[in-house]
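A.B. asks: Below you will find the structure I want to go over with you.
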Amino acid sequence: MPTQVSGKRYAQAIFELAKEQDQLDQWAGDLQLVFQALQDEEFNAFLKHAEVPAADKVTAIGTVLSSVHPLVQNLVHILVSGGLVDLLPQLHEAYESLLDEYRDRQRVEVTSAIPLEDRELERITTFLSGLIQKEVVATTVVDESILGGVVIRMGDRLLDGSARSRLEGLRNRLHAGVRLS
């Protein structure tokens, strides 16, 4: 748990710095690049390896992240040197949350049994935006197991309009009715 608190603290600090410099989007993009680089298992293991000299890690970071802002590179150097590589994904997520809050945005995940057409997704996001009075940024997931309809995950809220949940509800009501008779 302390790691999450630290990740949030770092995110808050760099968010304020990026806001002061009017570079919120640049930092968001750069932190996304850092996050993507860490998805490479070999690079991640290299940065975590205790026997790799810090200078080699700094050189590798400079090479892999050459396109990111120098302050983002310095942040990564500090965290890697302090053995806090695992903090970077949490920092990235916390920064994105701060940016969404600042921009009055809500990220949602829309799950459907088949890929949604653009106009269907637009109708869903327009509806949700009106409901919560925020800009809605949606990502889509295809999961055939829901059979039909959509499941919308919005933060800690879940709106389940799937055919599967409706069928399960019907089955439960039928079983309850049989038991009452």
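Counting from 859, one number per residue, gives the positions in the sequence shown under our numbering. Quick reminder that beta carbons are idealized off the backbone N, C-alpha and C, glycines included.
(1) Is the beta carbon of V966 closer than 8 Å to that of V926?
(2) Less than 6 Å between C-beta atoms, sequence neighbours within five positions excluded: which residues of the same chain meet that for K906?
(3) Could you spell out where the alpha helix (DSSP H) holding L981 opens and where it closes?
(4) Spatial neighbours of V916 within its chain, please: C-beta separation below 7 Å, excluding the five flanking residues on both sides.
(5) Please give me, in chain order, every unbroken run of the alpha helix (DSSP H) with length at least 4 that falls completely inside the region 930 to 970.
(6) Would I872 be called buried (16 or more neighbouring beta carbons within 10 Å of its own) or exposed?
(7) To the nearest whole angstrom, what separates the beta carbons of G1019 and G1007, a pair I think is in contact under 8 Å?
C.D. replies: Reading from the atomic positions:
(1) For V926 and V966, no; Cβs fall outside 8 Å.
(2) Excluding residues up to 5 positions away in sequence, V943 lie with their Cβ nearer than 6 Å to the Cβ of K906 in the same chain.
(3) Leu is not the amino acid found at residue 981; the sequence shown has Arg there. Looking at the DSSP string, the run of the alpha helix (DSSP H) that includes R981 is D976 to I990.
(4) Non-local C-beta neighbours of V916 in its own chain, meaning closer than 7 Å and more than five positions away in sequence, comprise H935, ordered along the chain.
(5) Entirely contained in the region 930 to 970, the alpha helix (DSSP H) runs reaching 4 residues are, in chain order, 945 to 960.
(6) By the 10 Å Cβ count, I872 comes out buried.
(7) The Cβ separation is near 5 Å, so the contact holds.
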